[in-house]
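Asks: Following full-length UniProt numbering, the numbering of the sequence shown begins with 22 at its first residue and continues without gaps. Cβ atoms here follow ideal geometry from the backbone N, Cα and C, with glycine treated the same way.
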Amino acid sequence: MTRVFSGIQPTGEPHIGNYFGAMRNYVRLGEQYGQDAIYCIVDLHAPTNPLAYDKATLARLTFEMALANMAVGLDPQKVVFFVQSQVREHAELGWMFTLSTPVGELERMTQYKDKAGKLESIPAGLLMYPVLQAADILLYKADTVPVGEDQVQHIELAREIARRFNHHYGDTFPEPKAVLEKAALRVPGVDGNAKMSKSKGESSTIGLLEPVESIWAKIRPAPTDPARVRRTDPGNPDICLIFDYHKLFSDDATILEVNEGCRTAGIGCIDCKKRLMVGIERELTPIQARAADLRAHPDTVLGGLEHGAERARAIAAPVMDEVRSKMGFLGAA
Ligand code: AQP
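(1) Please classify Val250: is it buried, with 16 or more other beta-carbons within 10 angstroms of its beta-carbon, or exposed?
(2) Rounded to whole angstroms, what's the CA-CA distance from Thr306 to Leu315? Just pull it up for me.
(3) Verify whether the separation of the beta carbon atoms of Gly352 and Glu202 is less than 9 Å.
(4) Can you look up Lys203 in the DSSP assignment and give me helix, strand or coil?
(5) Should Asp265 be listed as close to the ligand AQP, given that the test is whether its C-beta is under 8 Å from any heavy atom?
(6) When the distance is taken between beta carbons, is Arg241 closer than 9 Å to Ile176?
(7) Cβ of Pro258 within 9 Å of Cβ of Arg284?
(8) Can you list, in chain order, the residues of its chain with a C-beta nearer than 7 Å to that of Thr83? Leave out the 5 residues immediately preceding and following it.
(9) Tell me, which residues are paired with Thr165 by DSSP?
(10) Judging by CA-CA distance, which residue of Leu72, Lys99, Glu34 is the nearest neighbour of Arg49?
(11) Please look up how many angstroms separate the CB atoms of Leu72 and Ser224, rounded, as I've assumed it's under 8 Å.
(12) Within its chain, find whatever has a CB closer than 8 Å to the CB of Lys139; leave out the 5 residues flanking it on each side and keep chain order.
(13) Buried or exposed: Lys136, going by 16 or more other Cβ atoms within 10 Å of its Cβ?
(14) Report whether the distance from the Cβ of Met149 to the nearest heavy atom of the ligand AQP is below 8 Å.
(15) Can you tell me where the beta strand (DSSP E) holding Tyr47 begins and where it ends?
(16) From the DSSP output, which residues share a beta bridge with Ala58?
(17) Are any of the Cβ atoms in chain C nearer than 9 Å to that of Arg311?
(18) Assign Gly349 to buried or exposed, taking buried as 16 or more other Cβ atoms, counted over all protein chains shown, within 10 Å of its Cβ.
(19) Quick one: measure Cβ to Cβ for Met117 and Pro151, integer angstroms, because I've assumed they're closer than 8 Å.
(20) Does the pairing of the region 160-170 with the region 140-148 give three or more beta-carbon distances under 8 Å?
(21) Compute the distance between the beta-carbons of Met217 and His36, then report whether it is under 9 Å.
(22) Can you check DSSP and say which residues form a bridge with Val101?
(23) Under 9 Å between the Cβ atoms of Ile158 and Pro197?
What follows is the structure, encoded as structure tokens:
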């Protein structure tokens, strides 16, 4: 049996990297697996990075992330969709896994090293982030995890954690596998950053719900092939951010045309960017219309999440009973 789990952090407005790398996949897998597709807004993870956490905005960003996923097509009546902090078992299983995960394994995580390097004082929670992530997945005994490439190392660790638990306490958890969206392994930032990321700020991201004029204001000055100085210079689309975006948003004929046009200097960068905007508008306009509709009916979003949390608790509670019992806690069934 396949069971899907994935989480998304409420650390900022969702962007097209989240959309192509993860959110679109959530919907597709949701249609395939229904109640066995479990998605969570991982708000307990957000405060692990003090640079990305603000108590004044956490609730709003959590709501916005839920709304964005529903606008993309996630139906909380068909899949299980909820907020992590509303299902207490995540934190409990996270603690159980913390007890036996070697600190050395966690210190090797690339994301930890990147984020810790920017902090003067490193919260223990930042180091434990992938342990809680393993708990998120294994609490539902999920085996399939749709994520972007940046998460692959964490999913490997979740496999290790499952293996270790099974070895000590008997067969309990599956070893989960990452499922990558090949077309969007790592969507680059519009500022030229290797990975578009909420915590890098709005100058790096193209928001899923961002007005088209504001997107154009970022696309217009965005870097292209640096060797293409004059309009008449041929360019290399293989090293051009705008061409990466064309591959996500444009139809095949446009991709072919701008690829050829760039190499032969038949099209200038501004025209190429204008063509890209056509694809962006086509993809994002219906999502933004659904988002506006949901914003006018916040109870639909909140009710959907409450319903999801109830269903998540119903799956999580017996798994936690099993874990407590296998680990030998007093009073466990
Ligand atoms: N640029 C991206 N390209 C492809 N997939 C991406 N994902 C994130 N960025 C890209 C995938 O989106 C899912 C949610 O991940 P997240 O909430 O950690 O997103 P984020 O934008 O990376 O958020 P943060 O808060 O800014 O995190 P950090 O600081 O870690 O980058 C995941 O499946 C992720 O792979």
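Replies: To lay it out plainly:
(1) The residue given as residue 250 occupies position 229 in the sequence shown. Val250 comes out exposed.
(2) To locate residue 306, count along the sequence shown from 1; it is residue 285. To locate residue 315, count along the sequence shown from 1; it is residue 294. Cα-Cα distance, rounded: 14 Å.
(3) Taking the sequence shown and counting its residues from 1, the one referred to as residue 352 is at position 331. Taking the sequence shown and counting its residues from 1, the one referred to as residue 202 is at position 181. Cβ atoms of Gly352 and Glu202: not closer than 9 Å.
(4) Locating residue 203 in the sequence shown gives position 182, counting from the first residue. Here Lys203 carries a helix assignment [DSSP, helix/strand/coil].
(5) Counting from 1 along the sequence shown, the entry for residue 265 is found at position 244. In this structure, Asp265 has its beta carbon at no less than 8 Å from each heavy atom of the ligand AQP.
(6) Indexing the sequence shown from 1 puts residue 176 at position 155. Indexing the sequence shown from 1 puts residue 241 at position 220. Contact flag unset, no.
(7) As a working mapping, residue 258 is identified with position 237 in the sequence shown. As a working mapping, residue 284 is identified with position 263 in the sequence shown. Taking 9 Å as the cut-off, the Cβ atoms of Pro258 and Arg284 count as close.
(8) By one-based count along the sequence shown, residue 83 stands at place 62. Contacts found: Pro31, Ile62, Asp64, Val104.
(9) Walking along the sequence shown from the start, residue 165 turns up at place 144. Under DSSP, Thr165 shares a beta bridge with Val25, Lys198.
(10) Translated into the one-based positions of the sequence shown, residue 49 becomes position 28. Ranking Leu72, Lys99, Glu34 by Cα distance to Arg49 puts Lys99 first.
(11) Reading the sequence shown from its first residue, position 51 is the one you call residue 72. Reading the sequence shown from its first residue, position 203 is the one you call residue 224. The beta-carbon distance between Leu72 and Ser224, rounded to whole angstroms, is 15 Å. This is too long to meet the 8 Å contact definition.
(12) Locating residue 139 in the sequence shown gives position 118, counting from the first residue. These residues qualify, in order along the chain: Leu72.
(13) For this step, residue 136 is matched to residue 115 along the sequence shown. Result: buried.
(14) The sequence position of residue 149 within the sequence shown is 128, counting from 1. The ligand AQP has no heavy atom closer than 8 Å to the beta-carbon of Met149.
(15) Your numbering for residue 47 matches position 26 in the sequence shown. Going by DSSP, Tyr47 is part of no beta strand (DSSP E) but of the alpha helix (DSSP H) stretching over 45-54.
(16) Translated into the one-based positions of the sequence shown, residue 58 becomes position 37. Beta-bridge pairing links Ala58 to Val25.
(17) Of the protein chains in this structure there is only one, and it is not chain C.
(18) Locating residue 349 in the sequence shown gives position 328, where the first residue counts as 1. Exposed, since its Cβ has fewer than 16 Cβ neighbours within 10 Å.
(19) If you number the sequence shown from 1, residue 117 lands on position 96. If you number the sequence shown from 1, residue 151 lands on position 130. The pair is not a contact, with the Cβ atoms about 15 Å apart (cut-off 8 Å).
(20) Short answer: they don't touch.
(21) Here the question's residue 217 lines up with position 196 in the sequence shown. Here the question's residue 36 lines up with position 15 in the sequence shown. Against a cut-off of 9 Å, the Cβ pair of His36 and Met217 comes out as a contact.
(22) Stepping through the sequence shown from its first residue, residue 101 is reached at position 80. According to DSSP, which records beta bridges pairwise, Val101 is partnered with Ile59.
(23) As a position in the sequence shown, residue 158 is number 137, starting the count at 1. As a position in the sequence shown, residue 197 is number 176, starting the count at 1. Yes; because the gap between Cβ atoms is below 9 Å, this pair is in contact.
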